[in-house]
């Protein structure tokens, strides 16, 4: 296990675990495998006889993940103990589910969570890392269940953000309860803390994607992503 993990301290001086180079390469391989498997599953679900993945699917999925990564670094506001309001970064992962359905959405969400983890690969326990990254961001893929509904992007976005909120709340309650202010219930603290930045970004994004020109553009992008 020492080949994959080192034992540093975090910025507050607490004991933590950091991925080594071997650990990071392993995560990269898992990310690539998840994306490829997700697109293969979509073809099976759609009744395709061939397992061949189209370059269009790979390009659109990779572009959405890249945009999510870039916009996640453009922070409108950053919370003191982690979490931030970004420039609609969650939207781009939701879009993958909106284009290709829940199976691709969930698996690429997990892959994106691992990619986020690689930006700062420090964690405290394996369960905490799983909840904060692959599970929390994977939940954004719940949007795929609404991909064919009227106003499916907006409904799916809300579902995805709520899914991420559930895991963020659980993480705060189970792993970071000690950071709650003295005398404050850890569950209430986690609800308010995580709800603050997630709900703020969600409101901004929902207003943006509900504007008629943006909604029309999103529909056109979906046609381009799924044709052929």
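Residue numbers (our numbering): -6 to 221. Cβ atoms here follow ideal geometry from the backbone N, Cα and C, with glycine treated the same way. Computed from a predicted structure; not experimentally measured.
Judged by DSSP in its simplified three-state form, residue 175 adopts coil rather than helix or strand. Beta-bridge pairing by DSSP links residue 116 to 10. Secondary structure note for residue 68: its beta strand (DSSP E) is the uninterrupted segment 68 to 71.
Around the beta-carbon of residue 187, 16 or more other beta-carbon atoms lie within 10 Å, marking it buried. Cβ neighbours of residue 142 within its own chain (closer than 7 Å, five residues either side excluded): 148.
Taking 7 Å as the cut-off, the beta carbon of residue 24 is found no closer than this to the beta carbon of residue 129. Judged by DSSP secondary structure, residue 145 falls within the alpha helix (DSSP H) whose first and last residues are 145 to 168. The same chain holds no residue with a CB closer than 6 Å to that of residue 112 once the five nearest residues on each side in sequence are set aside.
With the rule of 3 Cβ pairs closer than 8 Å, the stretch 157 to 175 does not count as touching the stretch 207 to 215.
Excluding sequence positions up to five before and after residue 31, its CB lies within less than 7 Å of the CB of 96, 97, 100 and 101, all in the same chain and listed in chain order. At a Cβ-Cβ threshold of 7 Å, residue 69 and residue 78 count as neighbours.
One thing to note: residue 87 has its Cβ within 7 Å of the Cβ of residue 153.
Distances from the CA of residue 94 to each of 150, 75 and 119 were compared; the closest alpha carbon is that of 150.
Annotated as proximal: residue 57 and residue 89, with beta-carbon spacing under 7 Å. The alpha-carbon of residue 218 is positioned some 7 Å away from that of residue 92. The beta carbons of residue 168 and residue 109 sit about 17 Å from each other, so the pair does not count as a contact at 8 Å. By the neighbour-count criterion, in which a residue is buried when 16 or more other Cβ atoms sit within 10 angstroms of its Cβ, residue 200 is exposed.
Membership of residue 60 in the alpha helix (DSSP H) is indicated by the continuous run 48 to 65. Taking a C-beta distance under 7 Å as the contact criterion, residue 9 and residue 115 qualify as a contact pair.
Taking the Cα positions, residue 117 is about 30 Å away from residue 29. Only residues of its own chain outside the window of five on either side were considered, and among them 154, 157, 158 and 161 have a CB closer than 7 Å to the CB of residue 191, listed in chain order. Residue 124 and residue 202 have their C-alpha atoms spaced approximately 28 Å apart.
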